[in-house]
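See below for the structure under consideration.
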Amino acid sequence: ENSSVMFAVKGSWDDDEFAEKLNRELFPKKKKKKMTEEKKGKKRKITENENEENMKKKKKNELNGGNKDEMKEIEKLSRRQKKRKDRKCEGKIPQSKKLKQIAERTGSDAAKEEDNEGKKKKKKKKKCKNKFLPSEEKNEEKVEEIEGKTKKENIQEKSVKKDNAILKKYSKVQVKEVVEARKLKGEAKQEIMSREIKKKKRNKKRKLKAKEVEAVENLFSEEIDAAKKSEKVKTKVVQMKTAKNIEAEGLQSALKEESKE
């Protein structure tokens, strides 16, 4: 809104100078803070301590007739590699504030003891943990699930813990609303699932009934065909018998006539 007033008063976007001034006023560039001499000195000390090996290599190459520019590039690469390694190996170390919060919630020093044990383990190993491999702690959690509780029970406990954490942060009224909403969602999901299961059962029954009807029809059709065939055969047999009887009667009558004569 303020910018539209500025355009109306001072100028328009067609003027390049005006546009540049406006951009400077609206989006000023942040000035870089100059490094003090103390900070520069600290940085130099750190780099010297980190790159002692690289300096030795540099001196050897200089004696052998190596280029200084190449050595500078090697130093830069080595610094980057070390930074990457440090970032990978950085673990989530528990802070003092978090420890206090845990102690207040539990009301005992159990949380501090657990965190101290974790620190000791980290100090002993000092190796970069691969994030993709399963850690010992994760394996222990899985064993506990298999031994004592099922997955559903563990999930329920986790949800209860989350709700308790929310209770401390927000008011009870808001939390109740959230919990009720979750329950309603769960009930709705269960209803939908039950409906789908019922539909599947109905469809299965319908398909089975249709198959049974087809099977019965096929059976009846076979029986009907067999009966028709048998009837045809019976008619033929009767016809043959009648023909034979007629022939026999004719022969008998002829024989009688001959005997009379």
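Residue numbers for the sequence shown follow my numbering, so the first one is 1135 and each next one is one higher. Note that the Cβ used here is the ideal one computed from N, Cα and C, for glycine as well.
Check: Suppose you measure from the CA of K1333 to the CA of Q1290; what does that come to, to the nearest Å?; Outcome: 30 Å
Check: When DSSP labels each residue in this structure, what does K1163 get in the three-state scheme?; Outcome: coil
Check: Leaving out the 5 sequence neighbours to the left and right, which residues in its chain are closer than 7 Å to S1398 when beta-carbon positions are compared?; Outcome: Past the edges of the chain, shown from 1135 to 1395, lies residue 1398, and the structure says nothing about it.
Check: Rounded to whole angstroms, what's the CA-CA distance from E1346 to N1337? Just pull it up for me.; Outcome: 14 Å
Check: Taking just the CA atoms, how far does V1372 sit from K1378?; Outcome: 10 Å
Check: Rounded to a whole number of angstroms, what is the C-alpha to C-alpha distance between E1351 and K1341?; Outcome: 15 Å
Check: Please state the DSSP three-state secondary structure of D1149.; Outcome: coil
Check: Can you give me the C-alpha to C-alpha distance between D1150 and L1156, rounded to a whole angstrom?; Outcome: 10 Å
Check: Shortest alpha-carbon distance to V1313 belongs to which of A1299, E1325, E1187?; Outcome: A1299
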